[in-house]
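Chemist: Taking our numbering, the leading residue of the sequence shown gets 7, the next gets one more, and so forth. Have a look at this one.
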Amino acid sequence: AHEVCVQAAQENVSQLQKEVETAETVVAGLQHSVALKRFWAVHFGRDRLQALIFQAATPVLNEAASRYALALTGGEIGVTFNPVRESRTEELIRIDGGSAPTFDGLSAGEKQRVNLIVTLAVRRLARWRLPSPINITVYDETFTNLDDNGLQAVTRLLEEETQSGETIFVVSHPPALKRLVGSSKTVR
């Protein structure tokens, strides 16, 4: 009877050792999984991955914003993208020059020009990594608040873009803009 109890205990111990080995294998797999998830969370989590993408995109955005600010304001207004900010209270888009240090303080025409600069810079970013170029832009009532100087700047920019292969559709009503783009095809 004693031998039967010893043999049963040994079988029980052997079974428990197998269960421990299986549990250790499961725990090792879970630890590896946790380590991988921590790595991805730390190095490619929301804040880090966004920062990496924005770091790569910021020069493209700022180069385009600088080009369009020069074309549309003659350098009077500067627009700089600041996507990697120290705090959420920092401006994402910085404005230099113009009649006020913030977007809200700008005149309607200046706001319109800043909006165009930002839009065109983001368009440039959207096209940045495309394997095939997109060469069509539609402006719908975009130039309404611009004065004559602003309309002339926009017209020059649109002419440059059409000469470089861009197809542009402008939906607009101001007679001044129609006079400036007189050589273009007009549909009524």
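The beta carbon of each residue, even a glycine, is placed where N, CA and C say it ideally should be. Please read these numbers as outputs of a predicted model, since none were measured by experiment.
1) Using the beta-carbon count (16 or more within 10 Å), is F149 buried or exposed?
2) Can we say the segment 128 to 135 touches the segment 166 to 178, given the rule of at least three CB pairs closer than 8 Å?
3) Going by C-alpha to C-alpha distance, which of S39, V12 and L126 sits closest to N141?
4) Looking at the secondary structure, which residues open and close the alpha helix (DSSP H) in which V124 lies?
5) Out of curiosity, what's the CA-to-CA distance linking T64 and V120?
6) Under a Cβ-count criterion, where at least 16 other Cβ atoms within 10 Å of its own Cβ denotes burial, should E96 be classed as buried or exposed?
7) On the DSSP bridge assignment, give the partners of F87 in chain order.
8) Kindly indicate which three-state DSSP category I140 falls into: helix, strand or coil?
9) On the criterion of 16 or more Cβ atoms from any shown chain inside 10 Å, does I59 qualify as buried, or is it exposed?
10) Would a C-beta distance cut-off of 9 Å place F87 and I99 closer than the cut-off?
11) At which residues does the beta strand (DSSP E) containing T173 begin and terminate?
Modeler: Result, derived from the coordinates:
1) Reading the sequence shown from its first residue, position 143 is the one you call residue 149. Answer is buried; the Cβ neighbour count reaches 16.
2) no
3) To locate residue 141, count along the sequence shown from 1; it is residue 135. Considering only alpha carbons, the answer is L126.
4) Within the sequence shown, numbered from 1, the residue matching residue 124 stands at position 118. Segment A114 to W134, the alpha helix (DSSP H) holding V124.
5) Here residue 64 corresponds to residue number 58 of the sequence shown, with the count starting at 1. Here residue 120 corresponds to residue number 114 of the sequence shown, with the count starting at 1. Between T64 and V120, the C-alpha separation is close to 17 Å.
6) As a working mapping, residue 96 is identified with position 90 in the sequence shown. By the 10 Å Cβ count, E96 comes out exposed.
7) By 1-based counting over the sequence shown, the position of residue 87 is 81. In DSSP, F87 forms a bridge with I99.
8) The residue given as residue 140 occupies position 134 in the sequence shown. DSSP places I140 outside both helix and strand once states are collapsed to three, so it counts as coil.
9) Residue numbering aside, residue 59 sits at position 53 when the sequence shown is read from its first letter. With fewer than 16 Cβ atoms within 10 Å of its Cβ, I59 is classed as exposed.
10) Here residue 87 refers to the residue found at position 81 of the sequence shown. Here residue 99 refers to the residue found at position 93 of the sequence shown. Contact annotation: F87 and I99 have beta-carbon atoms nearer than 9 Å.
11) Counting from one through the sequence shown, the residue named residue 173 turns up at place 167. T173 to V177 is the span of the beta strand (DSSP E), which, as asked, contains T173.
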